[in-house]
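In the numbering used here, the protein residues as written are 341 to 866.
Following: one structure in structure tokens, then a few remarks.
Shown next as structure tokens:
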């Protein structure tokens, strides 16, 4: 249901990744204010004044890209805008996720509502109509190089405005014309500059990054929690999480992870039980969790802050300041977000990489009371051995996906666009790696819960005990070999849904005990 008390004001309010997702999911409704309407109408009027004056301005009365010196007859300016959508809608491949297409619409609407694009109010209102009716354009995955913005994807996104292309509606993909007829609605006619305003921009890249910011945060939170459960299962030391250590190398992410895990372990009977054991140091995948997870959190923070600038910016071209000043620049170039996207891909891949190492550690049988392969009776049973094959395969796949897309550039548009960001490719890879890491963490979850069982009747902290009990409601302790498909699916659901994080927060609140550590304002309150 739409939140009746909370509205988002396009063009005025500050967009965040979380808000964009809520609007896309129908939980918050976006709207235009009177002030925004005035700005949009004024910007469109500036464009009309330019057309009437006969002044030569790129994209208004000229061709596009390498045809920027070709003048267009005033009578053909509207046809020019329609042609640009048709000619640039050359994306290929399977459609992107429906939510991503809707996010593209939302982000573009917010940018156009700033009042610097020369778009007609009626065009912007039609975009909002598509959003509110949950009529979502079908956009192919491939075909953008992330330079003049996401030209091909945005062209497909806005073909439905002129009655072309296909849309999702109530679970079906249908021709736009059929849907418009059903709603007794006609296609719109684009005015001068509008086609260019619609397809210049970074909304394909940005929509993927918005989704990545939200999903990556969930994985980072799960990674800390699951790693804590694994520390308990493998009798890991609490000392590497002491605050005194991390004050001496005070990265925000490192301090946050260390203090959170310290809070989760401080009163554990399991920790106390091996306080004076002969093991001097834990392997890096346990001992260096604050440094590894923390570095990935720092990368996430950089991505989040960058994307919040991007989705509140004007990224089309040319920019209409007034009827006397139009600026043909490069704000559509994806480089500012392409680099952080590649950085985030590497960062989340490392979470999967170290998770795989902890899965491997849990199988070695070097922890007192925890049997080799996490099963008491092996030989006839292979135990959890092959689960680590899956984490190894996924971690390896991620490494291949970590090559930075932004390191490449192939000139396009007859050399007019001689450097491109390839940010759209990096953005798609980021979501693919996130999905793989979710699966790796789900396997670590299964192994950590199994190792934890062997320390009974010792108790961990209230939060970790509650999390373990939550896991056991859908994933049983395993005593002999069995088909793992349903167990793997249940574990993946626990990770992707954030169920364990919710449980941990509820127990912390209920018992008045600390959960998240320092720097919550950066990593938790979002």
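Every residue, glycine too, gets a C-beta built ideally from N, C-alpha and C.
These numbers were taken from a predicted model, which means no experiment stands behind them.
Sequence-distant residues of the same chain with beta carbon closer than 7 Å to residue 647, five excluded per side
357, 546, 549, 550, 553 and 677
In terms of residue numbering, what span does the alpha helix (DSSP H) encompassing residue 829 cover?
825-837
If you run the structure through DSSP and keep just helix, strand and coil, what is residue 602?
Looking at residue 602 - three-state DSSP - the assignment turns out to be helix.
Comparing the CB of residue 706 with every heavy atom of the ligand SAH, is any distance shorter than 8 Å?
Only the bare structure without any ligand can be found here, which leaves the ligand SAH out of the picture.
Chain-order list of residues whose beta-carbon lies under 6 Å from that of residue 866 (same chain, five-residue window excluded):
Only weak support is given to the placement of residue 866: the predicted model assigns it a pLDDT of 48, under 50, and the value that follows is read from those uncertain coordinates. Closer than 6 Å at Cβ, skipping near neighbours: no residue.
Going by beta carbon distance, what residues of the same chain come within less than 6 Å of residue 811, once the five residues before and after it are set aside?
Cβ within range, chain order: 789.
Environment of residue 469 [buried if 16+ CB atoms lie within 10 Å]
By the 10 Å Cβ count, residue 469 comes out exposed.
On the CB-based measure, 16 or more other CB atoms within 10 Å of its CB, does residue 595 come out buried or exposed?
Counting Cβ neighbours within 10 Å, residue 595 comes out buried, since at least 16 surround it.
Best match in 518, 380 and 375 for proximity to residue 452 [C-alpha to C-alpha]
380
What are the boundary residues of the beta strand (DSSP E) that includes residue 512?
Here the beta strand (DSSP E) through residue 512 covers 512-515.
Excluding the 5 residues flanking residue 535 on each side, which residues of the same chain have their C-beta closer than 6 Å to its C-beta?
421, 424 and 425
Find out if the Cβ-Cβ distance for the pair residue 663, residue 560 is shorter than 9 Å.
no
Nearest-angstrom beta carbon gap, residue 436 and residue 481 [assumed within contact, 8 Å]
5 Å
With a cut-off of 8 Å on the beta carbons, I'd call residue 741 and residue 684 a contact; round off their distance for me.
Contact doesn't hold; Cβ gap of about 12 Å is too wide.
Please go through the segment 444-530 and give each complete alpha helix (DSSP H) segment of 4 or more residues, from N-terminal end onward.
461-472, 491-498 and 516-522
Supposed close pair residue 577, residue 622 - CB separation, criterion 8 Å
6 Å
Residue 816 burial status per 10 Å Cβ neighbour count (16 or more: buried):
exposed
Sort out for me which residues DSSP pairs residue 667 with in a bridge.
659
Rounded C-beta distance between residue 761 and residue 674? I'm assuming under 8 Å.
Right, the Cβ-Cβ distance comes to about 4 Å (below 8 Å), so this counts as a contact.
Just the Cα atoms here: how many angstroms apart are residue 350 and residue 796?
55 Å
Taking just the CA atoms, how far does residue 572 sit from residue 610?
Distance between the alpha carbons of residue 610 and residue 572: 7 Å.
Thinking C-alpha only, which one of 543, 586, 364 and 704 is nearest residue 867?
The structure shown does not extend to residue 867, since the chain spans only 341 to 866, so no value can be given for it.
Going by Cα to Cα distance, which pick from 496, 495 and 557 is closest to residue 771?
557
Could you tell me the distance, in whole angstroms, from the CA atom of residue 691 to the CA atom of residue 856?
Using only the alpha carbons, I get a separation of about 19 Å.
To the nearest angstrom, how far is the alpha carbon of residue 800 from that of residue 791?
13 Å
Determine, using beta carbons only, whether residue 693 and residue 738 come nearer to each other than 9 Å.
Their beta carbons are under 9 Å apart, which means residue 693 touches residue 738 by this criterion.
Buried or exposed: residue 768, going by 16 or more other Cβ atoms within 10 Å of its Cβ?
buried
With a threshold of 7 Å on Cβ separation, who are the neighbours of residue 798 within its own chain once the five nearest residues in sequence on each side are excluded?
So the list reads 609, 610 and 613, once near-sequence residues are dropped.
Nearest candidate by alpha-carbon position, reference residue 360, set 448, 388, 433 and 397
Distance from the Cα of residue 360 is smallest, within the candidate group 448, 388, 433 and 397, for 448.
Mapping the DSSP letters down to three states, classify residue 371 as helix, strand or coil.
strand
Reduced DSSP secondary structure (H/G/I, E/B, other) of residue 348
strand
Output needed for residue 341: all residues of its chain with C-beta closer than 7 Å, excluding positions within five of it in sequence on either side, in chain order.
At residue 341, the pLDDT of 45 sits below 50, so the modelled position is not reliable and the matter cannot be decided from this model.
Is it buried or exposed for residue 456, if we count other Cβ within 10 angstroms and need 16 for buried?
buried
Provide the residue span of the alpha helix (DSSP H) that contains residue 573, from first to last.
Run containing residue 573: 543-573, per the alpha helix (DSSP H) assignment.
Go ahead and pull the three-state DSSP assignment for residue 921.
In this structure the chain extends from 341 to 866, so residue 921 is not present and cannot be described.
Alpha carbons only, please: which of 582, 467, 525 and 629 is nearest the one belonging to residue 606?
582
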